[in-house]
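Engineer: Residue numbers (the numbering used here), protein chains in the order written: chain A, 1 to 139; chain W, 1 to 139; chain S, 1 to 139; chain F, 1 to 139. By construction, the Cβ of each residue, glycine as well, lies at the ideal position given by its N, Cα and C atoms.
Number of protein chains: 4
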Amino acid sequence: MLKSSISVRVRYAETDAMKFVYYGNYASYFEVARVELLRQHGMSYKALEDQGIWMPVRDLQIDYLLPALYDDELTVNVCVRSLPSTRMKFEYETYRGDVLLNRGTTTLVFVSSQSGRPTRCPEVLMQLLQPYFESEIME
Amino acid sequence: MLKSSISVRVRYAETDAMKFVYYGNYASYFEVARVELLRQHGMSYKALEDQGIWMPVRDLQIDYLLPALYDDELTVNVCVRSLPSTRMKFEYETYRGDVLLNRGTTTLVFVSSQSGRPTRCPEVLMQLLQPYFESEIME
Amino acid sequence: MLKSSISVRVRYAETDAMKFVYYGNYASYFEVARVELLRQHGMSYKALEDQGIWMPVRDLQIDYLLPALYDDELTVNVCVRSLPSTRMKFEYETYRGDVLLNRGTTTLVFVSSQSGRPTRCPEVLMQLLQPYFESEIME
Amino acid sequence: MLKSSISVRVRYAETDAMKFVYYGNYASYFEVARVELLRQHGMSYKALEDQGIWMPVRDLQIDYLLPALYDDELTVNVCVRSLPSTRMKFEYETYRGDVLLNRGTTTLVFVSSQSGRPTRCPEVLMQLLQPYFESEIME
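1) Tell me which residue opens and which closes the alpha helix (DSSP H) that W:Asp16 is part of.
2) Which whole-angstrom value is the C-beta distance of S:Thr15 and A:Asp16, which I expect to be below 8 Å?
3) Flag W:Phe20 as yes if its beta-carbon sits less than 8 Å from any beta-carbon of chain A, otherwise no.
4) Of all the residues that make up the region 56 to 68 of chain A, which are near chain W by a beta-carbon distance shorter than 7 Å?
5) Using only CA atoms, which one of A:Arg9, A:Ser7, A:Phe20 and A:Val8 lies nearest to S:Ala13?
6) Whose CA, out of A:Glu134, A:Phe133, A:Leu125 and A:Leu108, lies closest to the CA of W:Tyr64?
7) Determine the DSSP secondary structure at W:Val10, reduced to helix, strand or coil.
8) Strictly under 8 Å for the Cβ-Cβ distance: is S:Val111 near chain W by that measure?
9) Taking DSSP as the reference, what is the three-state secondary structure of W:Glu139?
10) Taking F:Arg34 as part of the alpha helix (DSSP H), name the residues at either end of that continuous run.
11) Closer than 8 Å by beta-carbon distance: list the chain F residues that pair up with W:Gly24, in chain order.
12) So W:Gln130 is in the beta strand (DSSP E); what residue range does that whole segment cover?
13) With 8 Å as the threshold, decide whether the Cβ of W:Ser5 is near any Cβ in chain S.
14) Just to confirm, are S:Thr75 and S:Lys89 a CB contact at a threshold of 8 Å?
15) Determine which residues share a DSSP beta bridge with A:Thr119 and list them.
16) Of all the options A:Asn77, A:Gln114 and A:Leu66, which has the alpha carbon lying nearest to the alpha carbon of A:Leu37?
17) The beta strand (DSSP E) that contains W:Tyr64, what's its start and end?
18) What are the boundary residues of the alpha helix (DSSP H) that includes S:Leu48?
19) Out of A:Tyr22, A:Cys121, A:Glu134 and A:Ser113, which has the shortest C-alpha to C-alpha gap to A:Arg11?
20) At 9 Å on the CB atoms, spell out the chain F contacts of W:Tyr70, in chain order.
21) Show which residues of chain S have a CB atom less than 7 Å away from the CB atom of W:Glu31.
22) When burial is assigned at 16 or more other CB atoms within 10 Å of the CB, is S:Val99 buried or exposed?
23) Indicate whether at least one CB of chain F lies closer than 8 Å to the CB of S:Ala27.
24) When DSSP labels each residue in this structure, what does F:Tyr22 get in the three-state scheme?
25) Closest to F:Arg117 by C-alpha separation, out of S:His41, S:Glu49, S:Leu66 and S:Gln40, would be which residue?
26) Going by the DSSP bridge assignment, what does S:Arg87 pair with across the sheet?
27) With a cut-off of 8 Å on the beta carbons, I'd call W:Leu2 and W:Leu125 a contact; round off their distance for me.
28) Report the rounded CA-to-CA distance for S:Gln40 versus S:Lys46, giving the unit in angstroms.
29) Is the CB of F:Ser44 under 8 Å away from at least one CB in chain A?
30) Taking the beta strand (DSSP E) that W:Leu74 falls in, what are its first and last residues?
31) For W:Ser85, does the count of other Cβ atoms within 10 angstroms reach 16, so buried, or fall short, so exposed?
32) Pull up the distance between the alpha-carbon of S:Val8 and that of S:Thr94, whole angstroms please.
33) Quick one: measure Cβ to Cβ for W:Ala33 and A:Ala27, integer angstroms, because I've assumed they're closer than 8 Å.
34) Please determine, among W:Ser115, W:Val111 and W:Met18, the residue with the shortest C-alpha to C-alpha distance to F:Tyr70.
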């Protein structure tokens, strides 16, 4: 399993007239979380794009329990439970302190930026990630 | 059943470096669609807020099939299949011409803006919506 | 002189915790206004990009007089007072009814998307715009 | 003079189809910069709002020299050159490494959130800021 965690402070730009973070803006917090997870495991998403691989989002799902407010310092935990193939699934939890605010998932696919066609997880990324899933592979 | 449809043109601000609409921005297109559905059935969401009712989003789910691009004129179809109670569920489909780009759902809850507590769908909204679900009620 | 006008309804996504439209979001309303001005004069900005011309913004200036609120139907007037050369300057006024909310300007430059270098206003756009500035040229 | 500096990494959500940071999104980077400047000098903007003071933006001006790109780590320098009265002016410079990308200013006004009326800079903020402008006051 891959795990990581980021801290993000709510900007005024991200709030709405209820004084809550607008529900669509968590998509961007989740993006920061998964990009930092990749970076911490040796892979920059930007480098991946430079090598001709895009990772568009195939599906998004969020359960909102409590709103985040302006200036809150949020923690977004992110994890990947299975080795990617043609897809890579990320799970997220957003906390303020020890209060869970929401839970979500995204599935991303690997696409060749030249052809626009789906492709498998690039070898370079596979080799970086495999050690974290060894035990599962052995089972 | 309630049904409606809006047309929205993709702004440059809403695209990302893949030249696609950023995946989180559909949340805002869906918002426009459900607010216009309510307006077309006699209820302004702003008026609802002025009466002390907020409708925060409880969950969001989107399946992305194809990306929307800059300047695309999109059609977002929205429908409500059952009479709201403490919740109101909206279903969405985003089209470019006759090509389906994505499908999503949101569940919104009714909350008193004073107490922050969940409440039932306000009577005024119930009375506006009930005629559209008559047949289901009779069954 | 070129003139145009668009109507835009404020989305919840665009408001902030003061219940105002977030000050940075007018950049996107101004974008819609200038793109529609070009379209109404025969030039799609998307087509321009497809021909290898980008128009990044060189400067932005806004004076905010009064805030716009959720669900407001705004009118953004846009005008171009002089024929573009290597730059094209747009002026904007945002109204709610007959109340002026803000005034702004942007200067855009023409850039080759291949080389990233500044270029002159493309001939095809010049020919479309010239008739609107004839009198000034004759003077 | 007050000075501060923040570091911000460009999110995919903030890029546009030119692969640049969308020009309106710097408004939100500038917001982060000025809020952190206040925090570092002992004043949380959130606390100010809780005391009934809003600081809406009165004017914004940006000169864009070079674009910021996805995943860039930007430095935004912010300074305040004169003691606030009914207004507070902030100046910004955005850098990638030692390359200046853009320069901007915002003027914010103090408003009572109850009455919506302009007010003077609150005493508590004045007292925190005054030491940094002592020499100017003596002149």
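Structural biologist: According to the structure shown:
1) Looking at the DSSP string, W:Asp16 is not in any alpha helix (DSSP H), and its letter there is neither H nor E.
2) 5 Å
3) yes
4) Pro56, Val57, Arg58, Asp59, Leu60, Gln61, Ile62, Asp63, Tyr64 and Pro67
5) A:Phe20
6) A:Leu108
7) coil
8) no
9) In this prediction, W:Glu139 has a pLDDT of 46, which is less than 50 and means its spatial position is unreliable; what the coordinates show is noted afterwards. W:Glu139: coil per DSSP, three-state reduction.
10) Tyr26 to Gln40
11) For W:Gly24, the chain F residues whose Cβ falls inside 8 Å of its Cβ are Ala13, in order along the chain.
12) Where W:Gln130 is concerned, there is no enclosing beta strand (DSSP E), given that its DSSP letter is neither H nor E.
13) Judged by the 8 Å Cβ criterion, W:Ser5 is not in contact with chain S.
14) no
15) None, per the DSSP bridge assignment.
16) In terms of CA proximity to A:Leu37, A:Asn77 leads the group A:Asn77, A:Gln114 and A:Leu66.
17) Val57 to Tyr64
18) Tyr45 to Asp50
19) For A:Arg11, the closest alpha carbon among the candidates A:Tyr22, A:Cys121, A:Glu134 and A:Ser113 is that of A:Tyr22.
20) Asp16 and Ala17
21) Arg11, Tyr12 and Ala13
22) exposed
23) yes
24) Coil at F:Tyr22, not helix or strand.
25) S:Leu66
26) S:Val109
27) With a Cβ gap of about 11 Å, W:Leu2 and W:Leu125 do not count as contacting.
28) 13 Å
29) yes
30) Glu73 to Val80
31) exposed
32) 10 Å
33) Contact flag wrong, Cβ pair sits at about 17 Å.
34) W:Met18
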